[in-house]
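>
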Amino acid sequence: MHVRPSCVTVTVRPARVGDLPMIYRAELAYIRDVEPAAEPGWIRAIDRNLELWTSNLERTAVLDADGVAAGFAMWTPQDDAALLVTVQVLPGHRRRGHGRRLLDWFAADAATADVRRLELGVHRDNPARALYEASGWTSAGQDGDHLRYTRTT
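So the sequence shown is numbered by the numbering used here: it starts at 267 and just counts up by one.
(1) Arginine 414 bridges to which residues according to DSSP?
(2) Could you check the C-alpha separation between proline 280 and phenylalanine 372 for me, to the nearest Å?
(3) Give me the Cα-Cα distance between alanine 376 and glycine 410, rounded to the nearest whole angstrom.
(4) According to DSSP, is alanine 281 helix, strand or coil?
(5) From the DSSP output, in three-state form, read off serine 405 for me.
(6) Evaluate contact between the stretch 298–314 and the stretch 326–343, counting only Cβ atoms and requiring at least three cross-stretch pairs below 8 Å.
(7) Could you pull the start and end residues of the alpha helix (DSSP H) that alanine 265 belongs to?
(8) Tryptophan 319: which of Gly307, Arg298, Arg291 sits nearest, CA to CA?
(9) Could you tell me which whole alpha helix (DSSP H) segments of length 4 or greater appear in the stretch 289–352?
(10) Taking all protein chains shown into account, decide if glycine 358 is buried (16 or more other Cβ within 10 angstroms of its Cβ) or exposed.
The structure is reproduced here in structure tokens:
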């Protein structure tokens with residue numbers, strides 16, 4: 267019997283205040299999965315994280331797959347660059363090109379704001395490093411356990 271692959275409608279939309287609980291849960295899950303030793307400090311800084319998320323909500327996009335949040339990306343201006351604060355594809359939606367789609371959104375959104383230099387940091391144990399390297403990001407050094415990458419739009 268031949269089974270047809272399901273067709274999923276994927277869109278990238280501006281984030282809304284109602285997306286903040288999903289962002290919080292996903293960020294906490296990331297900390298627990300990839301950087302568990304950082305969880306106590308992350309929890310102590312939750313007010314600062316919430317301020318970061320709300321102040322950059324206009325520079326945040328949510329990737330929807332058939333109307334369900336499948337990931338998100340957020341950036342902030344930093345000096346003459348755009349710094350990727352976070353990009354996540356939620357479990358169950360990974361390995362489908364969604365991460366690259368969110369990176370493309372980041373580059374396009376930063377370019378719209380007349381920012382051409384993009385930056386991001388990633389924990390050395392985060393498997394997303396392979397995605398960044400395959401997407402044209404170049405190494406810009408390291409900061410403790412985090413690797414820094416850069417790219418131009």
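C-beta atoms are modelled at their ideal positions from N, C-alpha and C, and glycine is treated no differently.
In this structure, then:
(1) As a position in the sequence shown, residue 414 is number 148, starting the count at 1. In the DSSP output, where bridge partners are listed per residue, arginine 414 has Gly387.
(2) Here residue 280 refers to the residue found at position 14 of the sequence shown. Here residue 372 refers to the residue found at position 106 of the sequence shown. Distance between the alpha carbons of proline 280 and phenylalanine 372 is about 12 Å.
(3) Here residue 376 is taken as the residue at index 110 of the sequence shown, counted from 1. Here residue 410 is taken as the residue at index 144 of the sequence shown, counted from 1. Distance between the alpha carbons of alanine 376 and glycine 410 is about 27 Å.
(4) The residue given as residue 281 occupies position 15 in the sequence shown. The answer is coil: DSSP assigns alanine 281 none of H, G, I, E or B.
(5) Locating residue 405 in the sequence shown gives position 139, counting from the first residue. Three-state DSSP puts serine 405 in a strand.
(6) By the criterion of at least three beta-carbon pairs nearer than 8 Å, the stretch 298–314 is not in contact with the stretch 326–343.
(7) Nothing can be reported for residue 265, as the shown portion of the chain is limited to 267 through 419.
(8) Here residue 319 corresponds to residue number 53 of the sequence shown, with the count starting at 1. Cα-wise, what sits closest to tryptophan 319 is Arg291.
(9) 305–310, 312–321
(10) To locate residue 358, count along the sequence shown from 1; it is residue 92. Looking at its Cβ environment, which holds fewer than 16 other Cβ atoms inside 10 Å, glycine 358 is exposed.
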